[in-house]
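Asks: One structure is given below, represented as structure tokens, and several questions about it will come after.
Protein chains: 2
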Amino acid sequence: MSTETKHPRVPVDAPGPRRGLQIGEAAWDPEGFWGRRQETNAAHTFEHCASWMERLGWLENFDRVARGESTVERAGWEFADSEVYKLLEGLAWELGRRANPRLQALYDSLVARIGAAQAPDGYQGTAFGHPGLPPRYSNMSEGHELYNMGHLIQAAVARLRTYGDDALVQVARRAADHVCREFGEGARATLCGHPEIEVALAEFARATGEERYREQARIFLERRGRGTLPVRVLLSAEYFQDDTPIREADVLRGHAVRALYLSAGAVDVAVDTGDDDLLGALRRQWDRTVARRTFVTGGMGSRHQDEGFGEDWELPPDRAYCETCAGIASVMFSWRLLLATGEAKYADLIERTLHNVVATGPSEDGRAFFYANPLHVRVAGHEYAGEGVNMRAEGGVRAPWFDVSCCPTNVSRTFASTQAYAAFVDADALTLSLYGAGRIAADLGGETFEVRVDTAYPVEGRVEVTVERAPAREVALRLRVPGWAADARGTSPAGEVALAPGWWEVTRAFAPGDRVVLDLDLSPRLAWPDSRIDAQRGTVAVTRGPLVLCVESTDLPDGVAFEDVLLDAAAPLRAHGDGAIAAGLAPASAPDDAGVLPFTAEAPAAAELRAFELPLVPYHRWGARGPAQMRVMIPLAPTAPGT
Amino acid sequence: MSTETKHPRVPVDAPGPRRGLQIGEAAWDPEGFWGRRQETNAAHTFEHCASWMERLGWLENFDRVARGESTVERAGWEFADSEVYKLLEGLAWELGRRANPRLQALYDSLVARIGAAQAPDGYQGTAFGHPGLPPRYSNMSEGHELYNMGHLIQAAVARLRTYGDDALVQVARRAADHVCREFGEGARATLCGHPEIEVALAEFARATGEERYREQARIFLERRGRGTLPVRVLLSAEYFQDDTPIREADVLRGHAVRALYLSAGAVDVAVDTGDDDLLGALRRQWDRTVARRTFVTGGMGSRHQDEGFGEDWELPPDRAYCETCAGIASVMFSWRLLLATGEAKYADLIERTLHNVVATGPSEDGRAFFYANPLHVRVAGHEYAGEGVNMRAEGGVRAPWFDVSCCPTNVSRTFASTQAYAAFVDADALTLSLYGAGRIAADLGGETFEVRVDTAYPVEGRVEVTVERAPAREVALRLRVPGWAADARGTSPAGEVALAPGWWEVTRAFAPGDRVVLDLDLSPRLAWPDSRIDAQRGTVAVTRGPLVLCVESTDLPDGVAFEDVLLDAAAPLRAHGDGAIAAGLAPASAPDDAGVLPFTAEAPAAAELRAFELPLVPYHRWGARGPAQMRVMIPLAPTAPGT
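Note that the protein sequences, when read in sequence, are chains A and B.
Counting from 104, one number per residue, gives the positions in the first sequence under the working numbering.
Counting from 104, one number per residue, gives the positions in the second sequence under the working numbering.
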């Protein structure tokens, strides 16, 4: 275990044979897919978020507590505090990546304001436990007090790993100590309705070397699933994952973000305590969740109601919730399983989710966001009227902020640290798991293995890795061949090889200038849903490398109604930029509504169909050209008889 | 208009060429489909509902107000009062149908208790406006005060039409006068978040002859749709139908029960004021709603979230809400349009909805209920653990009561008056619109036209109508040939004819003993969904006459997983009791979850399929044999190439 180290590590510092990269070990080029997002995040998103929180009074909440003037009239939901902490976490990663006086000043000022609101015993929160507010821990199901402190602690973890001890870390340490005192064995035997404190305390234990934080995380995990939390109408124990003990569950269920944060923290505890039973349970849950409750985008959460997973095979494109935050939480869960097991399937899901959920959330300018990421939108610009706070940006219109605004700061902290997902390190191997132009200089047992990655991925399929500095011994360079890749080829100093999905390992005594090149075929391809997915029957998706594509109404020819569009799967797909062109078909005319039910006694006769070119664009860019109807799962045209 | 009459009429006393039957004009035989339900309702359901309301304190709420001891700690939701009024409405219909000392005593005792809680100025309610409670009309969006009073007034309408003036009517009259004073032109310019007062006042105007009640209903209707109601997070103006004025809307939207109650009241106002513009708008809204937002069961409401309609073509079998109350409200709306226009399509939808939504709600013993009526349930017995209050009876387990318990009393008041939907009367015609064994003796311009109906409908397809008394002139007897009927035949004294859907009219000077017989073919048939219904693509339903059938897991052979069941549409369907047997197919084996997404790069190859007999039972009886998985829309087996 990484006890007593103050060395910066990002973002999960797991023990065991594999470790993630440290903060200085990887950097994206500023022009690549992830580098560009990181630059926009630094230039705009942090301050965008801070200005909204100031405007809505979420920061003032802390000042009022500090002045002893708190009231129930405070601004925002009980969990508004967490947005400030997530912003601080993102700033910590960003400042560790590159000094920035403007963002440093923002960080310092926010730390001062939240620190001033801390109670003498370490309690941190603006919605409970101060004069004029409800008592501390009086609403464990929905009060979010430990959730908020969890995000505070995660911000401190980021700071410890990128800088070291500071005022924020001290605030978090006092809060973590308070939580351990109040909720340890023999104290309050309850838990927080929204998991988050578990993963935070587990990471804090690693970052500080204090095992008791991890022990408190373990206590929260074991306590859960026994019906402890009071439930009210419409919120079941399943919603809180308080229905079944985590090591007995067989699939993720209930509120998606909660289930995934909980799972991430549970992997940390399982790994740090050598609990293979728990780790095995989490792996099984991941398997079934991915096989039966995950969209082709990697999105999770099938229900708007309860923001929940839904049941096996319940994957409706239109009502897909696929909250941006659930995508981030899924990456957190999968990354931990990747480090724990080394299995490439976890990296495959991370790639899919980052490119098609997390990257989809924010607008190109980093100042507007989707909350939910459905795979089918029937009404353009629905339920959103211009500037201001709104519930869920829908209909292709990203919103600048939300009443429940968890996604913007979550995207921001994730973008600020995506380079950490680029690779991981074994004793004698550097493994590239997420591709983008940049540089990796990893410590391999005291020697540096430094490579440059040149690629326009995911727009182009060639990934060139050039060794710049190598250990003076035989080591391995491993590149991931994604699960979707057919006909991949690799070229190394040892020659050219055909590659199957999984890890491509090149082992040798590398010398500067050695090149290892992966060639992935990014031709657009169909993705056929399992026949048990009821809401996707008779449809197909089009993908291009890691990108899921979609149809936008913007691209339809005149006279073709969006709901009539069919795809001719027998016709070839053509590449078109980073999208594709498919063969579209639509009935030549649609009937009027005659006041009869939409059911007929005879199977519908083959309609006369009009053919057209159907452009498909990357899903992560949908809505960029204005409000639109959109769909990922495209209805299949009936195949001509006999073909 | 029926001004100043005290003659009993049921249940909608519309002016114009067509009128519904009066309370004494029709009766079901006690053994028929509807008669049996009416008997069970009388024997069990009223007292079942009353005992739950007593047990939960919903009746005590009135006593506490009467004693001046009301507090915010009162029992139940703000709309709990309405359940008492709906129970009273049902009792009024039942007592009008047949004297019953036990139910009369229950009625009298409830009337005394609610009457004691009335404020001196006519205000009636237990959640606002008394000492210790929030002020009157302080939460128009969600307080349900006018909704509650609307149900009180509807109960009084039932009493006026079945009995005459009494204590309940006097309470309702004071409440209605209060509402007119408080919400008339120049008074509070607002409205109730849950429509109901509109239809209640419109009917009360007819039953009392007081036009000002109808004028107040008109005011509420015109006021709506202009964004008057405050909205909070997650509840939009659309939810309340406060987004668009009713005569400008083109489809029903938002909360389904609200939209349908509102529409029913709007037809009443349109008809009574000769407002053809409004009537035309409502007819257009009905047309599009039926064509694009209605399930094959007649169920309406596609979303659990907001209990709402959803969008055009959004008809997911699994997440179908199809609240029992929405079915009842849909019948109210359609019945009014049937009387206003005489078009058979409205009667078709009433038949479908009564048989497949309203009849589905309650258990055979009348003491347990479904709240939502989805068309696909993947998990048997889900979210319900035995006796007690629960949210939504799911997984094939009807619940004795609910926290929000609108459906039991709504079913009860509807069952008590279903005979009113059996027929309507023009100047010179008796038109049978809903079939069941019974007797109809209608006044046709001062002369009685009395017929017996003998039928085992919907189990059998023959409807025999025997004239027992006839006017001494030529009149018409009209029978509905349902829209689903193929090969219908009619036999009358004039001979035998083939019949197309619509009205079959037999005009003559009838004599006692004349028989008019309708023969409907009840062979099971497929119902193919419109290709634009995304969540039903690749499926088909099986119907038998007016009944929609379903598959229950109870009937599957060993080794066939419910989610694997396919229907071979090329094989013939066989009748089987009041259900059917189809040709089932299922893959011989299913793969394990391997931790990969449920998508494949190649179109799924034809699997080896196992054939079996697939029994189908009427949807209204699903769950009667215990918790089960269930589906109405059955996935189609792939057709063999070249067939």
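Idealized CB from N, CA, C, for every residue including glycine.
Going by C-alpha to C-alpha distance, which of A:296, A:391 and A:210 sits closest to residue 695 (chain B)?
Replies: A:391
Asks: Return the chain-ordered list of same chain residues with a C-beta closer than 7 Å to the C-beta of residue 411 (chain B), the five sequence neighbours on each side being excluded.
Replies: Around residue 411 (chain B), the same chain offers 342, 357, 358, 359 and 404 as residues with beta carbons nearer than 7 Å, after the five sequence neighbours per side are excluded.
Asks: What is the DSSP secondary structure of residue 417 (chain A), counted as helix, strand or coil?
Replies: coil
Asks: Counting only beta-carbon separations shorter than 7 Å, does residue 728 (chain B) have a partner in chain A?
Replies: no
Asks: Please work out which residues of its chain come closer than 8 Å, Cβ to Cβ, to residue 440 (chain A), disregarding the five sequence neighbours upstream and downstream, and give them in chain order.
Replies: Within the same chain, and ignoring the five residues on either side of residue 440 (chain A) in sequence, the residues whose Cβ sits closer than 8 Å to its Cβ are 370, 385, 386, 389, 446 and 449.
Asks: Please report how far the alpha carbon of residue 159 (chain B) lies from the alpha carbon of residue 686 (chain B), in whole angstroms.
Replies: 48 Å
Asks: Would you mind working out which of B:205, B:268 and B:174 sits nearest residue 231 (chain B), comparing C-alpha positions?
Replies: B:174
Asks: Quick one: which unbroken alpha helix (DSSP H) runs of 4-plus residues sit fully inside the region 154-217 of chain A? Chain order, please.
Replies: 163-169 and 183-200
Asks: With a threshold of 7 Å between beta-carbons, can residue 700 (chain A) be considered close to chain B, or not?
Replies: yes
Asks: Roughly how many angstroms separate the alpha carbons of residue 157 (chain B) and residue 473 (chain B), rounded to a whole number?
Replies: 21 Å
Asks: Short of 7 Å in beta carbon distance, which residues of its chain neighbour residue 182 (chain A), apart from the five on each side in sequence? Order them along the chain.
Replies: If we look at residue 182 (chain A) and ignore the five residues flanking it on each side, its Cβ neighbours are 247, 250 and 251.
Asks: Below 8 Å on the Cβ atoms is my contact criterion, and I expect residue 345 (chain A) with residue 331 (chain A) to pass it. Report the Cβ-Cβ distance as a whole number of Å.
Replies: In this structure residue 345 (chain A) is in contact with residue 331 (chain A), their Cβ atoms being roughly 6 Å apart against a cut-off of 8 Å.
Asks: Just checking: is the beta-carbon of residue 211 (chain A) within a distance shorter than 7 Å of some beta-carbon in chain B?
Replies: no
Asks: Quick one: using the 10 Å Cβ neighbour count with 16 as the cut-off for buried, is residue 600 (chain A) buried or exposed?
Replies: exposed
Asks: In the DSSP assignment, find the unbroken beta strand (DSSP E) run with residue 599 (chain A) in it and report its ends.
Replies: Per DSSP, residue 599 (chain A) is one residue of the beta strand (DSSP E) stretching across 598-602.
Asks: To the nearest angstrom, how far is it from the Cα of residue 710 (chain A) to the Cα of residue 667 (chain A)?
Replies: Rounded to the nearest angstrom, the two C-alpha atoms are 11 Å apart.
Asks: Give a yes or no on whether the minimum CB-CB distance between residue 703 (chain A) and chain B is below 7 Å.
Replies: yes
Asks: Starting from residue 509 (chain A) and walking both ways along the beta strand (DSSP E), at which residues does that stretch end?
Replies: Here residue 509 (chain A) belongs to no beta strand (DSSP E); instead the alpha helix (DSSP H) covers 509-518.
Asks: Residue 556 (chain B) and residue 615 (chain B): beta carbons closer than 7 Å?
Replies: no
Asks: Residues of chain B with a CB under 9 Å from the CB of residue 87 (chain A): which are they?
Replies: Any property of residue 87 (chain A) remains undetermined from this structure, which presents chain A solely from 104 to 746.
Asks: Grab me the residues of residue 188 (chain A)'s own chain with a C-beta within less than 6 Å of its C-beta, minus the 5 sequence neighbours each way, in chain order.
Replies: 254, 255 and 258
Asks: So with CB distances below 8 Å, who are the chain B contacts of residue 131 (chain A)?
Replies: Residues of chain B passing the Cβ test: none, with the nearest at roughly 26 Å.
Asks: Could you tell me which of A:671, A:572, A:739 and A:542 sits nearest to residue 131 (chain A), measuring between CA atoms?
Replies: A:542
Asks: State yes or no: is the C-beta of residue 478 (chain A) within less than 7 Å of the C-beta of residue 561 (chain A)?
Replies: no
Asks: Along the chain, which unbroken stretches of the beta strand (DSSP E) at least 3 residues long are found entirely within the region 593-670 of chain A?
Replies: Counting whole runs of 3 or more residues, the region 593-670 of chain A contains the beta strand (DSSP E) stretches 598-602, 605-611, 618-622, 628-632, 642-647 and 650-655.
Asks: Can a CB atom of chain A be found closer than 7 Å to the CB of residue 189 (chain B)?
Replies: no
Asks: In chain B, what lies closer than 8 Å to residue 481 (chain A) by C-beta?
Replies: 414, 415, 416 and 417
Asks: When you compare the CB positions of residue 632 (chain B) and residue 647 (chain B), do they come within less than 7 Å of one another, or not?
Replies: With respect to the 7 Å criterion, residue 632 (chain B) and residue 647 (chain B) are not classified as neighbours on the basis of their beta carbons.
Asks: Let me know the beta strand (DSSP E) ranges lying completely inside the region 288-317 of chain B, each 3 residues or longer, listed in chain order.
Replies: none
Asks: Please list, in chain order, the residues of the region 396-407 of chain A that have any C-beta partner in chain B closer than 7 Å.
Replies: 397, 399 and 407
Asks: Would you tell me roughly how many angstroms separate the C-alpha atoms of residue 282 (chain A) and residue 376 (chain A), rounded to the nearest one?
Replies: 21 Å
Asks: Can you find at least 3 beta carbon pairs, one from the region 668-676 of chain B and one from the region 722-740 of chain B, that sit closer than 8 Å?
Replies: yes
Asks: Against residue 635 (chain B), what residues of chain A qualify as contacts under a CB-to-CB distance less than 8 Å, listed in chain order?
Replies: Those within 8 Å of residue 635 (chain B) in chain A are 666, 667 and 701.
Asks: So, helix, strand or coil for residue 322 (chain A), using DSSP?
Replies: helix
Asks: Which residues bound the beta strand (DSSP E) around residue 444 (chain A)?
Replies: Per DSSP, residue 444 (chain A) belongs to no beta strand (DSSP E); it is in the alpha helix (DSSP H), 427-444.
Asks: For residue 491 (chain A), would you say it is in contact with chain B, using Cβ-to-Cβ distances shorter than 7 Å as the test?
Replies: Unreliable placement is indicated for residue 491 (chain A), whose pLDDT of 46 sits below 50; the coordinate value is still reported in the next sentence. It does not; no Cβ of chain B falls within 7 Å.
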